[in-house]
Amino acid sequence: LRDLFQAPRLAQQIANQLPKGYLSRDWTQDHASFFRAVQIEKTAMFVILTLIVAVAAFNIVSALVMVVTDKQADIAILRTLGATPLSIMGIFIVQGITIGLVGTLLGLFGGVSLATHVDVVVPFIENMFGIKFLAPDVYLISDLPSQVQWGDVSTIGLVAFGLAVLATLYPAWRAARTQPAEALRYE
Numbered sequence: 048l049r050d051l052f053q054a055p056r057l058a059q060q061i062a063n064q065l066p067k068g069y070l071s072r073d074w075t076q077d078h079a080s081f082f083r084a085v086q087i088e089k090t091a092m093f094v095i096l097t098l099i100v101a102v103a104a105f106n107i108v109s110a111l112v113m114v115v116t117d118k119q120a121d122i123a124i125l126r127t128l129g130a131t132p133l134s135i136m137g138i139f140i141v142q143g144i145t146i147g148l149v150g151t152l153l154g155l156f157g158g159v160s161l162a163t164h165v166d167v168v169v170p171f172i173e174n175m176f177g178i179k180f181l182a183p184d185v186y187l188i189s190d191l192p193s194q195v196q197w198g199d200v201s202t203i204g205l206v207a208f209g210l211a212v213l214a215t216l217y218p219a220w221r222a223a224r225t226q227p228a229e230a231l232r233y234e
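This is the structure we're talking about:
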């Protein structure tokens, strides 16, 4: 069995082929409490990662609002040269989407790289700081297995990019509302 999470399905197929009186159990039934704990931890990690991405999205909002504030005169000049509010909004949306896309791709690349090389990274950190993450006398395992779940990676990437896109809307809208006469009054 290559995918351990297919065990319930396989156990059910075997149970359907067994004569009456025989049982087929899989590891998720034998170790249900561990399996539920892993599922809860997975959900908790998704929530934590979403919160981290939300903080990053707030940073995008803050950065773009500062750019809009700093570029008021430039936006006003573009408006006097004929740029529409929609085109001004588009400029800032493209800037925010670019920031979000680059950040999402770097984060996904870094996360997948770390997950696929955890067998090298964990011993390096343990040796560097003189600590043991998974002491064999405390835990049932002595190393940290890792398997990239591409569905989870995709979901995290889409949520991160979606929040980045949403984060660009307010600063872009604010830039589009810039009145040329008001922005150039003290220039």
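In the working numbering, each residue carries its 1-based index in the sequence shown increased by 47.
The C-beta atom is built at its ideal place from N, Cα and C for all residues, glycine as well.
Keep in mind it's a predicted model, so treat the numbers as computed, not measured.
In the three-state DSSP reduction, residue 231 falls in the coil class, being neither helix nor strand. Cβ atoms of residue 79 and residue 151 stay farther apart than 8 Å, at about 36 Å. Residues of the same chain with a CB within less than 7 Å of the CB of residue 207, apart from the 5 flanking positions on each side, are 100, 151 and 154 in chain order.
When the Cα atoms are used, residue 174 and residue 195 turn out to be separated by approximately 25 Å.
Non-local C-beta neighbours of residue 220 in its own chain, meaning closer than 8 Å and more than five positions away in sequence, comprise 136, ordered along the chain. For residue 224, the secondary structure class from DSSP, reduced to helix, strand or coil, is coil. Rounded to the nearest whole angstrom, the C-alpha separation of residue 145 and residue 161 is 24 Å. Annotated three-state conformation of residue 196 is coil, per DSSP. When the Cα atoms are used, residue 118 and residue 106 turn out to be separated by approximately 18 Å. Boundaries of the alpha helix (DSSP H) around residue 119: 119-127. Distance from the CA atom of residue 156 to the CA atom of residue 231, rounded to whole angstroms, is 43 Å. Straight across, the Cα-Cα distance linking residue 163 with residue 193 is about 7 Å. With a contact defined as Cβ atoms closer than 8 Å, residue 214 and residue 143 qualify at about 6 Å.
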